[in-house]
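Going by the working numbering, the first residue of the sequence shown is number -6, and it counts up by one from there. Glycine included, C-beta positions come from ideal geometry on N, C-alpha and C. Quick caveat, the model's predicted, so the values are computed rather than measured. First up is the structure itself, then whatever we jot down about it.
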Amino acid sequence: MQDFLSNTVALSRLQFAVTAIFHMLWPVLTTGMGIYLVIIEGLWLKTRNLDYYHHARFWARLYVLNFGIGVATGLPMAFQFGLNWAPFSESVGDFFGTVLGFESTMAFMLEASFLGIMLFGWDRVPPLIHYLATILVAIGANLSTFWILSANSWLQTPAGGIFVDGKFVVQDYFAAIANPFMVNSFLHMFFATLETSMFVIGGISAWCILTGRQPQFFARSLQVILVVVMAVAPLQIFIGHLSAEQVSVHQPAKLAAMEALWETVPAQTPAAWSVVALPNDQAEKNDWELSIPGALSYILELKPQLDKPIQGLKQWAPVDRPRMVGLIYYSFRIMVAIGLFFAALMAITVVQWIRGKLSPETISQQKWLLRAWVFAAPLGYLAVETGWIVRCVGRQPWIVYGEMRTAESASNLPPGEILFSLTGLSAMYIVFLIATLYFGSRIIRNGPDLNLPAPRGSEASLWGNVTKHATDRRPADIAEVVEIKE
């Protein structure tokens, strides 16, 4: 323990991990819920059903709460690149800093600029202008995901330039941005945020139905998100499979850690898939393992025998391969298990919907199903966090894969200073989390305002002059004076 507390690199890694794990809780929901708001407001414009309007107003309140705290929790992460990881920033900052700058100037500013219109513009702009603002807010949130995943994917598969005297020189910005991991990584994260958000909305809706809080309103929420999940859940499993195939090509040591595979499996032989194991890093073996013979061959190549060998961890020297194999191994399985559980819950719920069990009049009777949705609500966060653990811990000992080691990238700071900032940041994030749970629960318990009237002018024309249809909201005495003068 004493060695750890005096290890600058380990403490800097822990601090970044803590800030990243906490920060990710907020933008995951913001990114996916933005898509939901686009869908629900579009349904209102299409049908003019006030139920959809009330849904848009209610869920936007949770969106704003997450957006505001997400911004506050993200700032310390950016400062760490220059403070805790100065050698890394100096080496790759010309590209890495540019991409993060794109995220701020293009994505965050787009989202922040139109957020005010989305929140306060219902009675101030025509309906289609308001809808455009909602769309741009959602695009901004997902642009942030794109640029961050592009930057992180470049760390996984660096491309578009060369390292000269320890400094990355960009030769092709497009190739660097569109690196081999970028497309699948972005899609995997996009569907992850969307799926997580849908199950959070579904879980909240299920809880409100179980507790008798406006069950008809939340039954509609559950039906809308179910349609989205029907498309997203199978797509996420497919994209996840493609991502694993990419890992096997570009980062075979990470794949070996994901499967706790110590010995190389030769070509033209079946590869067993480990279901549960107890990896032992020091002994370079699994102390205990339960596996399915030949299953990994089908997972990777859809064949009973491998066309290409799967390299075991022993193929690399201990300093060149991931450590903490058990953490990587079980993080991967937790992520996969949650994805499969989501797909199964979606399928069961669809069956009940087809059977007519999800109507506003009967949905409250499906208590076991509603409890399952409540249970599923936080699981998406766990899947996202464990997925990032696999992605980043499995990349070690490299910060830029195959080019720059993590141990060479940390600033030479006194351990005491890092411990101080780590403690302060951890306390701050805990306060943010408690505040989110407190204010979020208040929003949920208060529920939607079903007496909220539709925006002025929305009955006439989507592009109509809002002020033309506005009622006179001036105090009575002022209105009388104006009328006398007129």
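Option in the options with minimal Cα separation from residue i
i	options	result
Leu248	Glu282, Gln298 and Gln304	Gln304
Arg6	Gln73, Gly94, Leu68 and Pro227	Gln73
Ala65	Leu112, Gly75, Phe15 and Leu55	Phe15
Asn444	Phe51, Leu235 and Asp(-4)	Phe51
Ser480	Tyr291, Gln275, Phe211 and Ala265	This structure leaves residue 480 out entirely; the chain is present only between -6 and 479.
Leu426	Phe(-3), Leu55, Pro20 and Ile62	Ile62
Val31	Gly94, Ser82, Val130 and Arg117	Val130
Val312	Leu375, Glu252, Leu372 and Arg388	Arg388
Gly159	Gly440, Leu320 and Gly395	Gly395
Ala336	Gly373, Ser324 and Asn77	Gly373
Ala226	Leu55, Gly332 and Gln358	Gly332
Asp442	Ala13, His47, Thr24 and Met26	His47
Trp19	Thr127, Ser404, Gly433 and Asp(-4)	Gly433
His123	Val92, Leu38, Ala71 and Val176	Leu38
Met328	Ala199, Met251, Trp281 and Lys360	Met251
Phe334	Ala105, Glu354 and Phe368	Phe368
Pro259	Ala276, Ser267, Trp281 and Gln308	Gln308
Glu282	Ala253, Leu142 and Val162	Ala253
Arg435	Gln358, Ile197 and Thr399	Ile197
Asn279	Met317, Pro302, Thr262 and His243	Met317
Ala288	Ala330, Glu277, Thr262 and Ala276	Thr262
Ser33	Thr24, Gly25, Ala49 and Asn42	One detail in the question is off: residue 33 reads as Ile in this sequence, not Ser. The residue with the shortest Cα to Cα distance from Ile33 is Ala49.
Helix, strand or coil at residue i according to DSSP, with G and I counted as helix
i	result
Glu527	This structure cannot settle anything about residue 527, because the visible part of the chain is limited to -6 through 479.
Ala270	strand
Lys296	coil
Phe325	helix
Gly417	helix
Met17	coil
Met223	helix
Met317	coil
Arg435	helix
Arg398	strand
Ser(-1)	coil
Ala453	Its pLDDT being 47, under 50, Ala453 is placed unreliably by the model, and nothing is read from it.
Unbroken beta strand (DSSP E) run spanning residue i, endpoints
i	result
Ile285	Lys278 to Ile285
Val118	Segment: none, Val118 is in no beta strand (DSSP E) and carries neither H nor E.
Val163	Lys160 to Val163
Cβ-Cβ separation, residue j to residue i (assumed contact under 8 Å), whole Å
i	j	result
Val220	Glu188	The Cβ separation is near 13 Å, so there is no contact.
Tyr29	Leu36	The Cβ separation is near 11 Å, so there is no contact.
Leu338	Ala310	Incorrect: roughly 44 Å between the Cβ atoms, too far for contact.
Pro315	Val386	7 Å
Val11	Leu418	7 Å
Leu203	Ala246	The pair is not a contact, with the Cβ atoms about 46 Å apart (cut-off 8 Å).
Val193	Ala370	5 Å
Phe179	Thr138	7 Å
Asn59	Phe9	Actually they do not touch by this definition, with Cβ atoms about 22 Å apart.
Ala100	Gly133	5 Å
Val383	Ser324	5 Å
Gly440	Gln207	5 Å
Limits of the alpha helix (DSSP H) - the one that residue i falls within
i	result
Trp52	Leu43 to Leu76
Val157	Unbroken run through Val157 is the beta strand (DSSP E), Gly154 to Val157; no alpha helix (DSSP H).
Trp391	Note, Trp391: premise wrong, no alpha helix (DSSP H); beta strand (DSSP E) at Trp391 to Val393.
Glu96	Unbroken run through Glu96: none, as it is neither H nor E.
Ile382	Leu372 to Val386
Phe184	Met175 to Leu203
Glu104	Met102 to Phe113
Lys360	Lys360 to Ala369
Lys247	Pro245 to Met251
Ile303	Looking at the DSSP string, Ile303 is not in any alpha helix (DSSP H), and its letter there is neither H nor E.
Ala169	Tyr166 to Ile170
Checklist entry - Are the stretch 340 to 360 and the stretch 171 to 187 touching by the rule of at least three beta carbon pairs closer than 8 Å? => result no
Checklist entry - Does the stretch 255 to 273 come close enough to the stretch 230 to 240 that 3 or more CB-CB pairs lie under 8 Å? => result no
Checklist entry - For the 8 Å Cβ check, are there 3 or more pairs between the stretch 236 to 243 and the stretch 161 to 171? => result no
Next on the checklist: Would the stretch 107 to 119 count as touching the stretch 141 to 157 if we require 3 or more Cβ pairs under 8 Å?
Outcome noted: no
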